[in-house]
Amino acid sequence: MNDNRRREADYRAARMGLNTPNRRRGVRWAWHRRRVAGAEGAVAVSHSPGPGRGTQDSWAIAARVALYAGLSAAAFAAVLPFLWMLNTSLRTLNDVIRAPFGLPLSPRWENYPAVFATIPFGRAYVNTIFVTLVRTLGVLLTSSMAAYAFSRLRFPGRDAVFALYLATMMIPSQVTMIPTFALMRLLGWRDTYQALTVPHLFSAFGVFLLRQFMLTLPVSLEEAAVIDGATPWGIYWNIILPLTRPALATLTVFTFLGAWNDFMWPLIITDSPELAVLSVALSYMQQLSHTDWPLLMAGAVMALGPVLAVYIAAQRTFVEGIALTGIKG
Amino acid sequence: MSGVRGRAAWTRGARRRREALWALLFLAPSLAGFLVFTLGPVGASLGLSATRWDLIGRPEFVGLDNYRAALADPILGRVMRNTVTYSAGTVPLLVIVSLALAMALNQPIRGRTLFRVILFMPVVSSTVAVAMVWRWIYAPFGALNALLVSVGLPVVGWLTTTTWAMPAVILMSVWQSVGYSMVIFLAGLQGIPQHLYDAAAVDGASPWQRFWRITLPLLSPTTFFIVVMAIISTFQVFGQVYMLTGGGPAFATSTIVYYIYERAFLALHMGYASALAWLLFAAIFGLTVIQLRLQRRWVAYE
Numbered sequence: 110m111n112d113n114r115r116r117e118a119d120y121r122a123a124r125m126g127l128n129t130p131n132r133r134r135g136v137r138w139a140w141h142r143r144r145v146a147g148a149e150g151a152v153a154v155s156h157s158p159g160p161g162r163g164t165q166d167s168w169a170i171a172a173r174v175a176l177y178a179g180l181s182a183a184a185f186a187a188v189l190p191f192l193w194m195l196n197t198s199l200r201t202l203n204d205v206i207r208a209p210f211g212l213p214l215s216p217r218w219e220n221y222p223a224v225f226a227t228i229p230f231g232r233a234y235v236n237t238i239f240v241t242l243v244r245t246l247g248v249l250l251t252s253s254m255a256a257y258a259f260s261r262l263r264f265p266g267r268d269a270v271f272a273l274y275l276a277t278m279m280i281p282s283q284v285t286m287i288p289t290f291a292l293m294r295l296l297g298w299r300d301t302y303q304a305l306t307v308p309h310l311f312s313a314f315g316v317f318l319l320r321q322f323m324l325t326l327p328v329s330l331e332e333a334a335v336i337d338g339a340t341p342w343g344i345y346w347n348i349i350l351p352l353t354r355p356a357l358a359t360l361t362v363f364t365f366l367g368a369w370n371d372f373m374w375p376l377i378i379t380d381s382p383e384l385a386v387l388s389v390a391l392s393y394m395q396q397l398s399h400t401d402w403p404l405l406m407a408g409a410v411m412a413l414g415p416v417l418a419v420y421i422a423a424q425r426t427f428v429e430g431i432a433l434t435g436i437k438g
Numbered sequence: 006m007s008g009v010r011g012r013a014a015w016t017r018g019a020r021r022r023r024e025a026l027w028a029l030l031f032l033a034p035s036l037a038g039f040l041v042f043t044l045g046p047v048g049a050s051l052g053l054s055a056t057r058w059d060l061i062g063r064p065e066f067v068g069l070d071n072y073r074a075a076l077a078d079p080i081l082g083r084v085m086r087n088t089v090t091y092s093a094g095t096v097p098l099l100v101i102v103s104l105a106l107a108m109a110l111n112q113p114i115r116g117r118t119l120f121r122v123i124l125f126m127p128v129v130s131s132t133v134a135v136a137m138v139w140r141w142i143y144a145p146f147g148a149l150n151a152l153l154v155s156v157g158l159p160v161v162g163w164l165t166t167t168t169w170a171m172p173a174v175i176l177m178s179v180w181q182s183v184g185y186s187m188v189i190f191l192a193g194l195q196g197i198p199q200h201l202y203d204a205a206a207v208d209g210a211s212p213w214q215r216f217w218r219i220t221l222p223l224l225s226p227t228t229f230f231i232v233v234m235a236i237i238s239t240f241q242v243f244g245q246v247y248m249l250t251g252g253g254p255a256f257a258t259s260t261i262v263y264y265i266y267e268r269a270f271l272a273l274h275m276g277y278a279s280a281l282a283w284l285l286f287a288a289i290f291g292l293t294v295i296q297l298r299l300q301r302r303w304v305a306y307e
């Protein structure tokens, strides 16, 4: 029963090109489906009777050429800004202005150390990694605990509280930002690590996502544990959490990206350069070195590098996770 | 007999109480965050929107004055028009381009993973870093102008003229978010059963007819989801505007969230900014309700 679902997920993953060794079974199956579909398509196209056959074949070839050309153009447009950034970061400003599309034949690596001389970039790195880590772990823990209560335990007012969670998901963060900012001031937390992390240790969206997933897990899984005298905590930790891994991966992706790329909150709540996260540090740098493009691009490369590396290493988790929230709405 | 039943009821009651206590324990961390950082601020924001407050002194109650002032504020009219222009420019482009890419990736092609990885790269990139790169692309000596000059055209002030600043912001936003919609469209396309296409092919339907009669109707729930989410997020645009244009030139790219930021944290009009935030919520809520009404006409659920 579970097998069927997994196969469907594998099939979807495979059709999206998410091919990795642990997906092999699903891939083979999808490949077979695709072959069958392709064969049927071929029957429909090339076995049509009469003299039109040759032109139809050339139409099919033209369509495939157009398909690859279109995709390549789009992919090129997607990477072009990154290449432009990388290219500029390795040249001098004069060189870039004289020959915009020239190549960095003798790379000017000095632009990179220069970034650290302009702003405390190393500190910003450490801050961002720390804040992202704390926020992600916090959201995963608080959301999964709350989701377990909402999906598995009975208590008075459960549905009303959950409805309240849902209702606030519609409210834009700008509404809560001003009072939260005032609260941070009141607590003396302005310009502190607490202010960067504590307000973001929970997520109504995370609770919603994990609750929906946990509801699909059969209750029979826990019954044996209950008979053995396991506590709710034991059931949550040993049985539910491991089974919730796909949804936890999705939430990790969302929280990681949201925390790493967050800009508006750190911008307003921190003032000292020592507390700047990468996005804020970059905006400072833009104000300081307004048109020193090689320097700015070196900073951008260093800010984007780690996220892009994590993404490419775990691209299947990223894409699958984001597609999952799309389907479930 | 009655004693036994009473005992059973008692243990059942005890078990219920124990379960509720456990629930409270599990809920406590999330609920505390929810109360302090969401529900509390929502209430406080409503209250603040009825005050005049510069963050330092005491909030002064002014009733609905902030809302009245907002409705008469010519700058608010301007930034709302800008926000609508930004949204109306971004969303259709986003939907068309991402649907086309998803359909192309849904074909049996070589290198699908590579294409998808590349097209999704801008989505995971930080808006601030990417906006810096685009500011350089749009700069007087940047890539775009270098391209124009190389084919003999005059240089354009992409971010410094009122004509081009908004299209420039829109182009960057579409570039950054196309991959996200594409991945969701792709998942939607894969939910359409192949046998429908096979049956249509047997009946002699052209690819064009198959697109209009099968793909689009069956994809409409996905399209609806993307349109709703895209409108919500375009109404909250901030990072691009802050980094690319700073709202200029001459308010040409000031959007509602940028204006809220400016009123609250630069001008320190906390009460007025809170009222603006609620007007933004009203706009988003209203648009979403309208779309939920309209969906009956064009969204086909199974």
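Chains as they are written, first to last, in the working numbering: chain A, 110 to 438; chain B, 6 to 307. Positions of the beta carbon are idealized from the N, C-alpha and C atoms, including for glycine. This one's a predicted model, so the numbers in the text were calculated from it and none came from an experiment.
Every unbroken alpha helix (DSSP H) within the stretch 277-305 of chain A, with a cutoff of 4 residues, ordered by chain | 282-295
Can you give the beta carbon distance from Met198/A to Asn220/A, rounded, assuming they're within the 8 Å contact cut?
-> One-based indexing of the first sequence puts residue 198/A at position 89. One-based indexing of the first sequence puts residue 220/A at position 111. The displayed chain sequence assigns Ser, not Met, to residue 198/A. Going by Cβ atoms, the distance from Ser198/A to Asn220/A rounds to 6 Å, so yes, they are a contact pair.
Cβ-Cβ distance between Thr289/A and Pro265/A below 7 Å = Residue 289/A sits at position 180 when you count from the first residue of the first sequence. Residue 265/A sits at position 156 when you count from the first residue of the first sequence. No, the Cβ-Cβ distance between Thr289/A and Pro265/A is not below 7 Å.
Taking Cβ positions, are Met137/B and Leu405/A nearer each other than 7 Å?
-> On the second sequence, position 132 is the one that residue 137/B refers to. On the first sequence, position 296 is the one that residue 405/A refers to. It is a contact, given that the beta carbons lie within the stated cut-off.
Counting only beta-carbon atoms, is Val386/A nearer than 7 Å to chain B?
-> Start at 1 with the first residue of the first sequence, and residue 386/A comes out as number 277. Answer no: the Cβ-Cβ gap between Val386/A and chain B never drops below 7 Å.
Taking 7 Å as the CB-CB cut-off, is Gly276/B touching chain A?
-> Here residue 276/B refers to the residue found at position 271 when the second sequence is read from its first residue. Judged by the 7 Å Cβ criterion, Gly276/B is not in contact with chain A.
So, helix, strand or coil for Phe210/A, using DSSP?
-> Position 101 of the first sequence, counting from 1, holds the residue named residue 210/A. Of the three classes helix, strand and coil, the one that applies to Phe210/A here is coil, per DSSP.
Closest to Arg22/B by CA distance: which of Ile287/A, Tyr274/A, Gln396/A and Arg263/A is it?
-> One-based indexing of the second sequence puts residue 22/B at position 17. Selected option, being the one with the closest Cα: Arg263/A.
Looking only at DSSP bridge pairs, what is Phe66/B linked to?
-> Position 61 of the second sequence, counted from the start, is the residue given in the question as residue 66/B. BP columns for Phe66/B point to Thr56/B.
Given that Phe210/A touches chain B, what residues does it touch there, using C-beta distances under 9 Å?
-> Residue 210/A sits at position 101 when you count from the first residue of the first sequence. Under the 9 Å cutoff, chain B gives Ala148, Ala151, Leu152 and Ser155.
So, are the CB atoms of Arg354/A and Phe259/A less than 7 Å apart?
-> Mapped onto the first sequence, residue 354/A falls at position 245. Mapped onto the first sequence, residue 259/A falls at position 150. Not in contact: Arg354/A and Phe259/A (Cβ atoms no closer than 7 Å).
Are the beta-carbon atoms belonging to Thr306/A and Arg244/A less than 7 Å from one another?
-> For the purposes of this step, residue 306/A is identified with residue 197 of the first sequence, where counting begins at 1. For the purposes of this step, residue 244/A is identified with residue 135 of the first sequence, where counting begins at 1. Closer than 7 Å, so yes.
Do Ile228/A and Met394/A come within 7 Å of each other at the CB atom, strictly closer than that value?
-> Residue numbering aside, residue 394/A sits at position 285 when the first sequence is read from its first letter. Residue numbering aside, residue 228/A sits at position 119 when the first sequence is read from its first letter. Against a cut-off of 7 Å, the Cβ pair of Ile228/A and Met394/A comes out as a contact.
Do you know whose CA, among Leu224/B, Leu124/B and Arg218/B, lies nearest Ile197/B's CA?
-> Start at 1 with the first residue of the second sequence, and residue 197/B comes out as number 192. Ranking the options by Cα distance to Ile197/B, first place goes to Leu224/B.
Please go through the same chain and pick out, in chain order, the residues whose beta-carbon is closer than 6 Å to the beta-carbon of Trp283/B, but skip the five residues on each side of it.
-> As a working mapping, residue 283/B is identified with position 278 in the second sequence. These residues qualify, in order along the chain: Ser54.
Shortest alpha-carbon distance to Phe229/B belongs to which of Met85/B, Ile142/B and Val294/B?
-> For the purposes of this step, residue 229/B is identified with residue 224 of the second sequence, where counting begins at 1. The shortest C-alpha separation from Phe229/B is found at Val294/B.
Exposed or buried, what is Leu433/A when buried is set at 16 or more other beta-carbons lying within 10 Å of its beta-carbon?
-> Taking the first sequence and counting its residues from 1, one reaches residue 433/A at position 324. Leu433/A comes out buried.
Do you know how far the Cα of Arg215/B is from the Cα of Ala205/B?
-> Mapped onto the second sequence, residue 205/B falls at position 200. Mapped onto the second sequence, residue 215/B falls at position 210. Rounded to the nearest angstrom, the two C-alpha atoms are 7 Å apart.
Under three-state DSSP, which class holds Val47/B?
-> Position 42 of the second sequence holds residue 47/B. In this structure, Val47/B counts as helix in the three-state DSSP scheme.
Output yes or no for whether 7 Å exceeds the beta carbon distance between Ile280/A and Phe286/B.
-> Against the first sequence, residue 280/A aligns to sequence position 171. Against the second sequence, residue 286/B aligns to sequence position 281. Their beta carbons are under 7 Å apart, which means Ile280/A touches Phe286/B by this criterion.
For Pro229/A, the three-state DSSP class (helix, strand or coil) = As a position in the first sequence, residue 229/A is number 120, starting the count at 1. Note: Pro229/A maps to coil in three-state DSSP.
Ala210/B (DSSP reduced to helix, strand or coil) | Residue mapping note: residue 210/B aligns to position 205 of the second sequence, counting from 1. Reduced to three states, the DSSP call for Ala210/B is coil.
Can you tell me whether DSSP reads Val335/A as helix, strand or coil?
-> Taking the first residue of the first sequence as 1, we reach residue 335/A at position 226. DSSP places Val335/A in helix when its eight states are reduced to three.
Excluding five sequence neighbours on each side, which residues of the same chain lie with their C-beta closer than 8 Å to the C-beta of Asn111/A?
-> As a position in the first sequence, residue 111/A is number 2, starting the count at 1. Low confidence applies to Asn111/A: its pLDDT is 47, below 50, so where it sits in the model is not reliable, and the reading given next is rough at best. Result list for Asn111/A: empty, nothing under 8 Å.
Would you tell me roughly how many angstroms separate the C-alpha atoms of Ile206/A and Pro190/A, rounded to the nearest one?
-> Counted from its first residue, the first sequence places residue 206/A at position 97. Counted from its first residue, the first sequence places residue 190/A at position 81. Those two C-alpha atoms are separated by around 17 Å.
From this set, Phe125/B, Phe290/B and Val179/B, which residue's C-alpha is nearest Ile431/A's C-alpha?
-> Here residue 431/A refers to the residue found at position 322 when the first sequence is read from its first residue. The candidate whose alpha carbon is nearest that of Ile431/A is Phe125/B.
Coarse secondary structure for Leu357/A, derived from DSSP in three states = As a working mapping, residue 357/A is identified with position 248 in the first sequence. DSSP places Leu357/A in helix when its eight states are reduced to three.
Determine the chain B residues that contact Thr289/A at a beta-carbon separation under 7 Å, and present them in chain order.
-> Within the first sequence, residue 289/A is the residue found at index 180, counting from 1. Here the neighbours are Phe42 and Pro46.
Should Val207/B go down as buried or exposed, given a rule of 16 or more other Cβ atoms within 10 Å for buried?
-> Numbered from its first residue, the second sequence carries residue 207/B at position 202. So Val207/B counts as exposed.
From Asp70/B to Ala173/B, what distance separates their C-alpha atoms?
-> Looking up residue 70/B in the second sequence gives position 65. Looking up residue 173/B in the second sequence gives position 168. Between Asp70/B and Ala173/B, the C-alpha separation is close to 36 Å.
Cβ pair Gly315/A, Val362/A closer than 7 Å = As a position in the first sequence, residue 315/A is number 206, starting the count at 1. As a position in the first sequence, residue 362/A is number 253, starting the count at 1. Result no, Cβ atoms of Gly315/A and Val362/A do not sit closer than 7 Å.
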